[in-house]
Each structure stands twice: as C-alpha cells, then as structure tokens.
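Data first, discussion second: the structure below is written as structure tokens.
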Amino acid sequence: MKRPKITVIGSNMVDLISYINRLPVTGETLEAPDFALGFGGKGANQAVAAALLGGEVRMVTKIGDDFFGPMTKKNLESFGINTTFTETVHGISSGVAPIFVDKDSNNSILIIKGANGHLLPSDIDRARELILDSDIIIMQLEINLETIYHTINICAENDIKVILNPAPADPKLDAERVKSVEFFVPNETELQILTEKGTATMDEVNSAADSLIAKGFKNIIVTLGEKGSLLVTRDSKKMIPAVKVDSKDTTGAGDAFIGCFAVYYIETGDVEKAMNMASRYAALSTTKPGTQSSFIDRKEFEARLAEGL
Numbered sequence: 012m013k014r015p016k017i018t019v020i021g022s023n024m025v026d027l028i029s030y031i032n033r034l035p036v037t038g039e040t041l042e043a044p045d046f047a048l049g050f051g052g053k054g055a056n057q058a059v060a061a062a063l064l065g066g067e068v069r070m071v072t073k074i075g076d077d078f079f080g081p082m083t084k085k086n087l088e089s090f091g092i093n094t095t096f097t098e099t100v101h102g103i104s105s106g107v108a109p110i111f112v113d114k115d116s117n118n119s120i121l122i123i124k125g126a127n128g129h130l131l132p133s134d135i136d137r138a139r140e141l142i143l144d145s146d147i148i149i150m151q152l153e154i155n156l157e158t159i160y161h162t163i164n165i166c167a168e169n170d171i172k173v174i175l176n177p178a179p180a181d182p183k184l185d186a187e188r189v190k191s192v193e194f195f196v197p198n199e200t201e202l203q204i205l206t207e208k209g210t211a212t213m214d215e216v217n218s219a220a221d222s223l224i225a226k227g228f229k230n231i232i233v234t235l236g237e238k239g240s241l242l243v244t245r246d247s248k249k250m251i252p253a254v255k256v257d258s259k260d261t262t263g264a265g266d267a268f269i270g271c272f273a274v275y276y277i278e279t280g281d282v283e284k285a286m287n288m289a290s291r292y293a294a295l296s297t298t299k300p301g302t303q304s305s306f307i308d309r310k311e312f313e314a315r316l317a318e319g320l
C-alpha cells in the first residue's frame, strides 16, 4: 500500500506535565504527586501519530536555539519524520507547554509559542514544492493566522486537501479565509468559541456546526471526548461513538485522533471509517500518561483492533 504523504505545518512544544490533586489558589504552594517532561505541541503530536501509523510525514515548523531545539528535531527524526523544514530561529526560545493533569485525568494547558510564532508565509513559500507533493496538509492554530491563511490559499489553488484543527481556538480566525479546507476539526469548546454558540447539549453542538456549514465549510468533525465524534456536512450528520477504556491521561487525545484520521482517510477515502479508527486510536492514547509517549504504532494498533477494541 502506498504510504500517505502528509505534511504537518504547525507547532512543536516541550510539554512540562504536572500531575496534581488540584491547582493552588493565589499565594498558595502545593506539593504535586508527579512530573514528566515530554515532547508535544499539537503539530508535532499529530505528525508523530501519523508517522507511527505508517504515514510519510514531513514537518514544517520552527524551533528555538535553546537546548530544547535540537532535542525536538532529533525526536521528530526518531519517528522517521522529514525535518528539512524544521528550522531554528536564533535568539528565540522553543515553544513550551506547562500542562496540569488532575486526579480525574482532566487537563489544563498553557501555551508559550516561542519559535512557533516565527513560522511565516515566506517559510511556506520555500516549502511549496513539499506542500504540492502532499496528499493532505494538517494545520492547527499554534502558529500565526496569516501563515495559515497563506497555506490554505496555496492548497486551494492546487487542489490539495487540508485538515484544519482550530486549536487553541482563536476568536480572530476569519471563517471566510479558511472555509475551503476539506475538514474543519474543532472540539466542542473550540466550536463554542468560534461560533459564539452554546455547545452544552448535542442539539446545540449540531446547531453550532450547522452555522459553519452555512458559511461554506464542507466537512465539520466535532471531537466530543468520551461521547465520540460528530461529522456534519451540508447533506447529513453522523455520530461515531467513542470506545470505552480506562483513561489515565487525556492529554494529546485530540492530536492522536487527527493524525490517525489523516492516515486512514488518505488510505481508504472513507471519512466515517477514518473517524472510527481515529476514535479507537485516540481512546487508546488516554490509557497511558503523556502525549507522544502514549501513542502506539500501526502493528500494536492493529493487534488491539484484532482483540476487539
């Protein structure tokens, strides 16, 4: 089978993960049970998931000239990811993400973009040949909006499919400039922020997603955690149920979903099948702590599927 050519244009971060009982209030110092340092960033996470599942993955991103930068590049390469356009910004720190995971596996995340904020439209122009040689492009919102808009324009002009994960949600995102993407993949919180509509119930989620379809979007996939995921198009709605697992850490589950979805969609051309596989892969990622460290490869994933996951 031909390997899907997937180019991820986006962020890398170093995750600073604190496992907590609760967050301290102002002026309070608390002891936390555990800490872990790992590689993350939505773009890098999605790239790693896709690479583990068999994608031919290329990463267009920026790293800092601190000690995290070379470590990040080496980590991407360890998964077989092409880092030709993983470039260093001098005098700027790498991106970092302090993450707090409570005893119920819920997470809260801070983002410091660092070098990620220096990925510019001119960098996309230099990577144009790589982009045009892709089956699909994956992007998120941890980089500059103008860089995202520029990339989408190039892809629209050359019939290259794009998955846009609008995370973290930015109210300044111009729907008119991103509506040509093939798949727009928010979670319910991001959907609420971007549409300014409630998403507390499934009726509200459907209504909010419909409002994006009315603006000209093609396919909306809303990831709903333990409730599953929802596909909304102009003609239909389809709910893909979640898989029940013993979750320990939900960090990176949304990225696991997108990386997996991209691989299986390009391989099969079947959106619902790709969503079904992505739901299972994302669920498995929550059974281990960390982000990239919780992702499994294709062989192990297929073994778990054969066991009846």
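Numbering (the working numbering), first residue to last: 12 to 320. Here a beta-carbon is modelled for each residue, glycine too, at the ideal position from N, C-alpha and C.
CA-to-CA, the gap between D170 and N164 works out to about 10 Å.
Between A267 and V173, the alpha-carbon positions lie close to 17 Å from each other. If the five residues before and after G125 are omitted, its C-beta is found closer than 7 Å to the C-beta atoms of G75, I103, S104, S105, G106 and V107, all from its own chain and listed in chain order.
Between S240 and I224, the C-beta spacing is not below 9 Å.
Judged by DSSP in its simplified three-state form, S305 adopts helix. Annotated as distal: I159 and V196, with beta-carbon spacing of 9 Å or more. When DSSP states are grouped into helix, strand and coil, D76 belongs to the coil group. Taken through DSSP and simplified to helix, strand or coil, E278 comes out as helix. A distance below 9 Å separates the beta carbons of K208 and E215. Annotation: the continuous alpha helix (DSSP H) that includes S133 extends over P132 to R137. With 16 or more other CB atoms across the displayed protein chains lying within 10 angstroms of its CB, G52 is buried.
As computed with DSSP, A108 is found in a beta bridge with D26. G128 carries a helical assignment under DSSP once its states are collapsed to helix, strand and coil. With contact defined as three or more Cβ pairs closer than 8 Å, the segment 110–120 and the segment 87–98 are not in contact.
In the three-state reduction of the DSSP assignment, E98 falls in the strand class. Assignment of D45 by DSSP, reduced to helix, strand and coil, places it in the strand class. Leaving aside the five residues that flank K183 on each side, the residues in its chain whose CB is nearer than 7 Å to its CB run, in chain order, L156.
For I171, the secondary structure class from DSSP, reduced to helix, strand or coil, is coil. Per the Cβ contact rule, the segment 23–34 is not in contact with the segment 269–284 (fewer than 3 Cβ pairs under 8 Å).
Per DSSP, the unbroken beta strand (DSSP E) holding T234 starts and ends at I231 to T234.
Counting C-beta pairs with one atom in each stretch, the segment 30–41 and the segment 57–75 have fewer than three that are closer than 8 Å, which means they do not touch. With fewer than 16 other Cβ atoms inside 10 Å of its own Cβ, K13 counts as exposed. Annotation for V189: the continuous alpha helix (DSSP H) segment containing it runs A186 to V189. Pairing G265 with H101, the inter-Cα distance amounts to about 31 Å.
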